[in-house]
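Student: Those protein sequences? They're chains Y and R, same order as listed. Take 54 as the starting number for the first sequence in this note's numbering and just add one per residue. Take 32 as the starting number for the second sequence in this note's numbering and just add one per residue. Where a beta carbon is used, it is the ideal one built from N, C-alpha and C, also for glycine.
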Amino acid sequence: QQPVQSPQAVILREGEDAVINCSSSKALYSVHWYRQKHGEAPVFLMILLKGGEQKGHEKISASFNEKKQQSSLYLTASQLSYSGTYFCGTDAEILRSGAGSYQLTFGKGTKLSVIP
Amino acid sequence: ETGVTQSPTHLIKTRGQQVTLRCSSQSGHNTVSWYQQALGQGPQFIFQYYREEENGRGNFPPRFSGLQFPNYSSELNVNALELDDSALYLCASSLRNTGELFFGEGSRLTVL
Numbered sequence: 054q055q056p057v058q059s060p061q062a063v064i065l066r067e068g069e070d071a072v073i074n075c076s077s078s079k080a081l082y083s084v085h086w087y088r089q090k091h092g093e094a095p096v097f098l099m100i101l102l103k104g105g106e107q108k109g110h111e112k113i114s115a116s117f118n119e120k121k122q123q124s125s126l127y128l129t130a131s132q133l134s135y136s137g138t139y140f141c142g143t144d145a146e147i148l149r150s151g152a153g154s155y156q157l158t159f160g161k162g163t164k165l166s167v168i169p
Numbered sequence: 032e033t034g035v036t037q038s039p040t041h042l043i044k045t046r047g048q049q050v051t052l053r054c055s056s057q058s059g060h061n062t063v064s065w066y067q068q069a070l071g072q073g074p075q076f077i078f079q080y081y082r083e084e085e086n087g088r089g090n091f092p093p094r095f096s097g098l099q100f101p102n103y104s105s106e107l108n109v110n111a112l113e114l115d116d117s118a119l120y121l122c123a124s125s126l127r128n129t130g131e132l133f134f135g136e137g138s139r140l141t142v143l
């Protein structure tokens with residue numbers, strides 16, 4: 054079952070912060086975050102593993118609440134280059150076919166627009 | 032640039048035809064996954080290949096099939112095309128036991 058992302062879309066001014074949420078009805082092994090700009094391939098941002106720590110990448114960080122099967126992506130001091138559609142991909146424990154074989158179920162995405 | 036290349040970039044087919052899409056993995060990557068992305072949707076997992084064998088499959092019918100070659104490049108074949116097969120088909124390579132998927136820019140298929 055597809056994870057649910059919220060909000061569906063958000064518009065920010067440069068320098069503002071945003072939070073994108075991702076929740077699943079299944080027990081998760083990992084949560085993956087990707088950004089896709091229009092007409093381009095999705096690009097990996099980060100992965101959060103069950104039992105792992107909160108991750109950070111410059112001004113983008115994420116958390117994973119294993120009890121609630123939820124993850125949040127935090128974008129601080131947004132830049133124009135942050136514009137794009139953000140997808141969370143989940144790897145449910147019950148679906149894993151073997152160690153390291155991530156077969157992701159992606160949400161519908163959150164469209165982020167950063168304006169000057 | 033991820034080092035993953037796909038061909039063709041765009042193609043148009045008619046219902047009932049067959050199509051083959053190709054993907055060259057990033058050097059050294061031994062796992063290839065294929066995803067279908069409909070307009071305005073997230074990528075949907077089709078299947079994954081590791082060492083030339085299918086290593087997991089999503090909820091797609093058997094008319095979707097694939098191959099992985101000894102050099103780790105891959106093909107996606109779709110038979111008996113349907114209108115709903117119109118989508119962007121993304122190939123992603125990775126190293127087994129690592130999480131990051133490196134996506135190609137995709138092949139956009141239109142079925143008329």
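1) By DSSP, does tyrosine 120 of chain R sit in helix, in strand, or in coil?
2) Closest to glutamate 119 of chain Y by C-alpha separation, out of Y:Val167, Y:Tyr82 and Y:Pro169, would be which residue?
3) Are glutamine 49 of chain R and leucine 112 of chain R touching if we call contact CB-CB under 8 Å?
4) For serine 96 of chain R, return the contacting residues in chain Y, with the cut-off set at a CB-CB distance below 9 Å.
5) Which chain R residues are close to threonine 158 of chain Y, counting only those with a beta carbon under 7 Å from its beta carbon?
6) Can you look up tyrosine 66 of chain R in the DSSP assignment and give me helix, strand or coil?
7) Does the count of Cβ pairs from the segment 36–56 of chain R and the segment 96–107 of chain R closer than 8 Å reach three?
8) With the cut-off set at 8 Å, would you say tyrosine 2 of chain R and glycine 97 of chain R are in Cβ contact?
9) Between glutamate 136 of chain R and chain Y, is there a C-beta pair that is closer than 8 Å?
10) Run down chain A in chain order and give the residues with a C-beta less than 9 Å from the C-beta of leucine 121 of chain R.
11) Figure out for me which residue from Y:Tyr139, Y:Gln54 and Y:Pro95 has the closest Cα to the Cα of tyrosine 127 of chain Y.
12) Less than 8 Å separating the beta-carbons of proline 95 of chain Y and proline 39 of chain R?
13) How many Å lie between arginine 88 of chain R and proline 169 of chain Y at the Cα?
14) Going by C-alpha distance, which of Y:Glu69, Y:Ala80 and Y:Val167 is nearest tyrosine 135 of chain Y?
15) In or out: leucine 101 of chain Y buried (at least 16 other Cβ within 10 Å) or exposed?
16) Cβ of glycine 135 of chain R within 8 Å of Cβ of valine 35 of chain R?
17) Excluding the five sequence neighbours on either side, which residues of its own chain have a C-beta within less than 7 Å of the C-beta of asparagine 86 of chain R, listed in chain order?
18) Less than 8 Å between the CB atoms is what I'm expecting for valine 142 of chain R and arginine 46 of chain R, so what's the real figure, rounded?
19) By alpha-carbon positions, which one of R:Leu140, R:Leu132, R:Arg139 and R:Ser138 ends up nearest to arginine 88 of chain Y?
20) Whose C-beta lies closer than 6 Å to the C-beta of asparagine 108 of chain R among residues of the same chain, with five residues either side of it excluded?
21) Return helix, strand or coil for leucine 143 of chain R, following the three-state DSSP convention.
22) Near arginine 26 of chain R, which residues of its chain fall below 6 Å by C-beta distance, leaving aside the five closest residues on each side in sequence?
23) Do you know offhand how far glycine 137 of chain Y's Cα is from leucine 165 of chain Y's?
Tutor: The short version:
1) For tyrosine 120 of chain R, the secondary structure class from DSSP, reduced to helix, strand or coil, is strand.
2) Per the Cα distances, Y:Tyr82.
3) Judged by beta-carbon spacing, leucine 112 of chain R lies within the 8 Å limit of glutamine 49 of chain R, meaning their Cβ atoms are closer than that value.
4) By Cβ distance, chain Y contributes nothing, its closest Cβ being about 17 Å from serine 96 of chain R, past 9 Å.
5) What threonine 158 of chain Y touches in chain R: Phe76.
6) Tyrosine 66 of chain R falls in the strand class under three-state DSSP.
7) Yes, the segment 36–56 of chain R touches the segment 96–107 of chain R.
8) The question about residue 2 of chain R has no answer here: the residues shown for chain R are numbered 32 through 143.
9) So, interface residue.
10) Although the question refers to chain A, the structure presented lacks it and instead comprises the protein chains Y and R.
11) Measuring from the Cα of tyrosine 127 of chain Y, the nearest candidate turns out to be Y:Tyr139.
12) Cβ distance not < 8 Å, so proline 95 of chain Y and proline 39 of chain R don't count as in contact.
13) The alpha-carbon atoms of arginine 88 of chain R and proline 169 of chain Y are separated by roughly 43 Å.
14) Residue Y:Val167 is the option with its Cα nearest to tyrosine 135 of chain Y.
15) Buried, by the Cβ-count rule.
16) Between glycine 135 of chain R and valine 35 of chain R, the CB-CB gap stays under 8 Å.
17) Closer than 7 Å at Cβ, skipping near neighbours: Gln79 and Tyr80.
18) That pair is a contact at about 6 Å.
19) The shortest C-alpha separation from arginine 88 of chain Y is found at R:Leu132.
20) The beta carbon of asparagine 108 of chain R sits closer than 6 Å to those of Thr51 and Ser96, all from its chain and outside the five residues before and after it, given in chain order.
21) Leucine 143 of chain R: coil per DSSP, three-state reduction.
22) The question about residue 26 of chain R has no answer here: the residues shown for chain R are numbered 32 through 143.
23) So the alpha carbons of these two residues sit roughly 5 Å apart.
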